[in-house]
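According to mature numbering (1 follows the signal peptide of the UniProt record, and there is no 0), the sequence shown holds residues -25 to -1, 1 to 459 in order.
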Amino acid sequence: MNYSTKIVLILLGLTFFNSPIFSQAPTNGLVAYYPFTGNVNDASGNGRNGTIVGGVTPTIDRYGNVGQAYLFNGSNGCITASWDILTGNAARTMSLWFKTTLPSGSPQYMLSWGALTTNNSSILGTYTDNINPTRYLGFFATNTNMIAVTDDLQYYDGRWHLMTFTHDGSTMRLYLDGALQRTGTNVTLNTLNTPLAIGRLTFGPYYFSGSLDEVRVYNRALSAVEVQQMYSAEVSTTLPTDVIKLGTNKLIHTTGTANMFVGTNAGTNTTGSNNTFLGSTAGIGITSGQGNVFLGSSANGFGANMGTLQRSGAIGYNARVSINDAIVLGDFENNNLKVGIGVHDPKFRLEVKGVINMRAAFNQPALKINGLDFLELGEKGEFIVSNFKMKYKSENQWADRVFKKGYVLMPLAQLDEYIKEHEHLPGIPTASEAVEKGVSTQEMTAKLLEKVEELTRYVIELKKENDSLKKDYKELIKALSTNK
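Structure (structure tokens):
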């Protein structure tokens, strides 16, 4: 057997053992089951057939089959069924597939029975009120024993999700898309006996706006394995064209094309195309964005434009970008973040070892500091510095010592001899030294000021000598006039 054949057989084996066709939703303990296969009949065999009330219409299910799910209008549409479901603190599992967008401010209930009094109901749905804007998604027993996720926008993305609630008489658990999200312990329910309602609170109001499918009620608490089996058996396995998706929830949540998502819930919330998201929850906030690259766990968009970002990149753990055509390195809220090029131990925000070649268009700023032009290139390639300030560590580096007592000026005659011999001022580099070694702008500024101050002292001393000569001249003229 050659190497290529072995590889093919290994891949076939992995496909066989990981195929979801061997999983199925549990049937043991079903007391009501509504698969919505063109009707609202109870497929559990218990005869709890439903009745459509108001705005409920057939719709497309998660596999694309027409008329195999139901759409609820959110105002008067629901399905009602018989009494005697599960009461008191009886063990139970409530499970359904739902598809909706971000709900309005009022509660929206998907499956319920019992009374709207404290701990007397058994409800799956979303809840909020006019006082607390937080949106809860999960199980509610009215005023107590709630178990829900809050403001998780990925479940209001207009795609199909599986919500499952279990209660074993003491512990309740909430699963979304087969994964455990919340757990509550030491719980005692007291559900009252009422008709079952799908798409509405038992006796109204609070109607659900969206699509529902595969509604199930069990008289026992399914295990985590059984919940995952149900999810794996019923999740759509059809990916859009040219999409690669690896990790938990890899088979749902995208309708875009030419995307690559790798990691748990990576790309969970996207309809855009040509995106690459690598890492757990990477790109989870992108909806219609195009051409983005997010590398790292929780690398994502940020801000009001998060969902529609175009051609942007975020690299590193929790790196987030908020504008189009931009690349961000690392978490902008992490003040300890450092980037190194050519080094393994950067100690600053940016540390580079090697040559940096910076190109800039003529008359375009090459470097800004705090939004202000600092450095640009001239027409002949020379650097032009704007608003430049030098800082000195010691007063001795400055030239004020020229005016201090004890500073000795070189006599002008000696200075004249020095210039004739060396062809430059004392303390100033020669032209050849400047070409060979360069000059320090900081040092030269102080040196030139030193020469200006020395020149000032020469001028002052010359003026004093000149004034003295004028005085002597006047006295001489006066003496000559007197002797005539």
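Where a beta carbon is used, it is the ideal one built from N, C-alpha and C, also for glycine. Just so we're clear, the structure is a prediction, and the values are computed from it rather than from any experiment.
Alpha-carbon to alpha-carbon, residue j and residue i
{"i": "residue 460", "j": "residue 429", "result": "Here the chain comprises residues numbered -25 to 459, so residue 460 is not present and cannot be evaluated."}
{"i": "residue 254", "j": "residue 328", "result": "29 Å"}
{"i": "residue 361", "j": "residue 385", "result": "36 Å"}
{"i": "residue 57", "j": "residue 96", "result": "16 Å"}
{"i": "residue 31", "j": "residue 55", "result": "11 Å"}
{"i": "residue 348", "j": "residue 342", "result": "6 Å"}
{"i": "residue 293", "j": "residue 267", "result": "15 Å"}
{"i": "residue 75", "j": "residue 131", "result": "5 Å"}
{"i": "residue -14", "j": "residue 240", "result": "Bear in mind that the predicted position of residue -14 carries a pLDDT of just 40, short of 50, making it too unreliable to give a figure here."}
{"i": "residue 359", "j": "residue 351", "result": "5 Å"}
{"i": "residue 235", "j": "residue 196", "result": "37 Å"}
{"i": "residue 246", "j": "residue 269", "result": "16 Å"}
{"i": "residue 249", "j": "residue 179", "result": "45 Å"}
{"i": "residue 233", "j": "residue 24", "result": "44 Å"}
{"i": "residue 374", "j": "residue 258", "result": "59 Å"}
{"i": "residue 129", "j": "residue 136", "result": "10 Å"}
{"i": "residue 182", "j": "residue 170", "result": "16 Å"}
{"i": "residue 466", "j": "residue 8", "result": "Nothing can be reported for residue 466: it is not among the residues displayed for the chain, which extend from -25 to 459."}
{"i": "residue 371", "j": "residue 416", "result": "16 Å"}
{"i": "residue 49", "j": "residue 113", "result": "18 Å"}
{"i": "residue 458", "j": "residue 436", "result": "33 Å"}
{"i": "residue 211", "j": "residue 2", "result": "20 Å"}
{"i": "residue 165", "j": "residue 133", "result": "34 Å"}
{"i": "residue 21", "j": "residue 205", "result": "21 Å"}
{"i": "residue 455", "j": "residue 445", "result": "15 Å"}
{"i": "residue 144", "j": "residue 159", "result": "11 Å"}
{"i": "residue 276", "j": "residue 81", "result": "29 Å"}
{"i": "residue 280", "j": "residue 301", "result": "13 Å"}
{"i": "residue 410", "j": "residue 396", "result": "20 Å"}
{"i": "residue 138", "j": "residue 199", "result": "13 Å"}
{"i": "residue 71", "j": "residue 304", "result": "41 Å"}
{"i": "residue -7", "j": "residue 150", "result": "Note that residue -7 scores 38 on pLDDT, short of 50, meaning its location in the model is unreliable and no value can be drawn from it."}
{"i": "residue 398", "j": "residue 432", "result": "22 Å"}
{"i": "residue 365", "j": "residue 405", "result": "23 Å"}
Closer than 8 Å: residue i CB and nearest the ligand ATP heavy atom
{"i": "residue 219", "result": "Ligands in the displayed structure: none, and consequently the ligand ATP is not present."}
CB-CB length for residue i against residue j, believed under 8 Å
{"i": "residue 11", "j": "residue 43", "result": "6 Å"}
{"i": "residue 83", "j": "residue 124", "result": "About 15 Å separates the two Cβ atoms, so there is no contact after all."}
{"i": "residue 463", "j": "residue 62", "result": "The chain is shown from -25 up to 459; residue 463 falls before or after that span and cannot be answered."}
{"i": "residue 291", "j": "residue 306", "result": "7 Å"}
{"i": "residue 263", "j": "residue 283", "result": "5 Å"}
Which of helix, strand or coil DSSP assigns to residue i
{"i": "residue 452", "result": "helix"}
{"i": "residue 235", "result": "strand"}
{"i": "residue 432", "result": "helix"}
{"i": "residue 457", "result": "helix"}
{"i": "residue 38", "result": "coil"}
{"i": "residue 300", "result": "coil"}
{"i": "residue 18", "result": "coil"}
{"i": "residue 442", "result": "helix"}
{"i": "residue 124", "result": "strand"}
{"i": "residue 447", "result": "helix"}
{"i": "residue 326", "result": "strand"}
{"i": "residue 199", "result": "helix"}
{"i": "residue 437", "result": "helix"}
{"i": "residue 208", "result": "helix"}
{"i": "residue 181", "result": "coil"}
{"i": "residue 119", "result": "coil"}
{"i": "residue 150", "result": "strand"}
{"i": "residue 295", "result": "strand"}
{"i": "residue 314", "result": "strand"}
{"i": "residue 221", "result": "strand"}
{"i": "residue 112", "result": "strand"}
{"i": "residue 163", "result": "coil"}
DSSP beta-bridge partners of residue i
{"i": "residue 190", "result": "9"}
{"i": "residue 348", "result": "343"}
{"i": "residue 172", "result": "55 and 87"}
{"i": "residue 156", "result": "Bridge partners of residue 156: none, in fact."}
{"i": "residue 477", "result": "Residue 477 cannot be examined here, being either before or after the span of the chain that is shown, -25 to 459."}
{"i": "residue 33", "result": "45"}
{"i": "residue 285", "result": "265"}
{"i": "residue 96", "result": "89"}
{"i": "residue 132", "result": "76"}
{"i": "residue 140", "result": "69 and 149"}
{"i": "residue 331", "result": "In DSSP, residue 331 forms no bridge with anything."}
{"i": "residue 243", "result": "In DSSP, residue 243 forms no bridge with anything."}
{"i": "residue 101", "result": "83 and 112"}
Checklist entry - At which residue ranges does the stretch 247 to 282 contain complete alpha helix (DSSP H) runs of 4 or more residues, listed in the order of the chain? => result none
Contiguous beta strand (DSSP E) assignments of at least 3 residues, all confined to the stretch 357 to 430
358 to 360
Scan the stretch 51 to 84 and note each continuous beta strand (DSSP E) run of 3 residues or more that stays entirely inside, going in chain order. 53 to 55 and 67 to 74
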